[in-house]
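According to the UniProt record's numbering, the sequence shown is numbered sequentially starting from 1.
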Amino acid sequence: MDLIDLTYVSKASYEVDALILLPILKDSLRWNYDHQITGVLYYDNGYFGQILEGPEKQIIETFEKISRDPKHSVKRILEKRKIEKRMFPNWSMQFFGADEILKMIPILHGSLSTYDTQSTQILDAMRTIGKITI
Ligand SMILES: Cc1cc2nc3c(=O)[nH]c(=O)nc-3n(C[C@H](O)[C@H](O)[C@H](O)COP(=O)(O)O)c2cc1C
Numbered sequence: 001m002d003l004i005d006l007t008y009v010s011k012a013s014y015e016v017d018a019l020i021l022l023p024i025l026k027d028s029l030r031w032n033y034d035h036q037i038t039g040v041l042y043y044d045n046g047y048f049g050q051i052l053e054g055p056e057k058q059i060i061e062t063f064e065k066i067s068r069d070p071k072h073s074v075k076r077i078l079e080k081r082k083i084e085k086r087m088f089p090n091w092s093m094q095f096f097g098a099d100e101i102l103k104m105i106p107i108l109h110g111s112l113s114t115y116d117t118q119s120t121q122i123l124d125a126m127r128t129i130g131k132i133t134i
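Next comes the structure, spelled out in structure tokens:
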């Protein structure tokens with residue numbers, strides 16, 4: 001099985017609250033589980049950052065679906081690469097909001113909007129959560 005991960009940053013179309021977030025997370029858990037997709041979703045300061053990992057075909061299909069979602073607009077794919085093993089094997093889609101980001105990855109706090117100039121730093125910061133035990 002060809003495993004890949006795809007990491008992107010998007011801008012929320014409007015202020016995100018629990019009413020918007022809960023259906024996204026509910027859909028994600030179900031769909032991702034059924035399609036062997038794992039990963040993390042960050043939301044901070046009007047921007048999302050997401051790492052999707054799984055079989056190539058499923059990731060492409062899922063990313064196309066997510067990209068069509070009017071709740072946000074994808075700004076930049078930070079990286080799409082082949083991987084040997086998953087960083088987040090136990091997370092269908094683990095969510096981290098601003099408070100958790102501030103606590104666990106302070107360097108990421110407030111920085112998703114700088115995807116144009118700081119893409120490498122953001123990518124590294126988004127991946128560190130796989131190495132932290134929560
Ligand atoms: C930032 C963001 C991340 C999302 N991540 C996922 C995801 O990982 N898996 C998923 O199935 N849907 C995800 N969604 C939701 C989909 O875009 C879509 O709304 C949902 O799957 C329902 O699609 P449908 O209305 O075509 O059935 C995400 C949406 C947003 C805004």
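Every residue gets a Cβ at the ideal spot worked out from N, C-alpha and C, and that includes glycine.
Query, Result
"Touch test, the segment 78-88 against the segment 7-23, Cβ-Cβ under 8 Å, three pairs minimum", "yes"
"Complete alpha helix (DSSP H) runs within the UniProt domain \"BLUF\" (3-94) (minimum length 4 residues, chain order)", "18-34 and 56-67"
"Beta-carbon proximity check, I3 vs G39, cutoff 8 Å", "Just to set this straight, residue 3 is Leu in the shown sequence, not Ile. No, the Cβ-Cβ distance between L3 and G39 is not below 8 Å."
"Cβ shell of E56 (< 7 Å), same chain only, five flanking positions each side left out", "D2 and I4"
"I24 CB to nearest heavy atom of ligand 1 below 7 Å", "yes"
"Residue from M126, T120, W91 and A18 with nearest C-alpha to L102", "M126"
"Neighbourhood of H35 by C-beta, 7 Å cutoff - its chain only, sequence neighbours within 5 removed", "G54, Q58 and T62"
"Ligand 1 heavy atom lying under 7 Å from the CB of T117", "no"
"D116, enclosing alpha helix (DSSP H) - first and last residue", "Taken as a continuous stretch (DSSP letters only), D116 belongs to no alpha helix (DSSP H), as it is neither H nor E."
"Where the alpha helix (DSSP H) through K103 begins and ends", "A98 to M104"
"Ligand 1 heavy atom lying under 7 Å from the CB of S111", "no"
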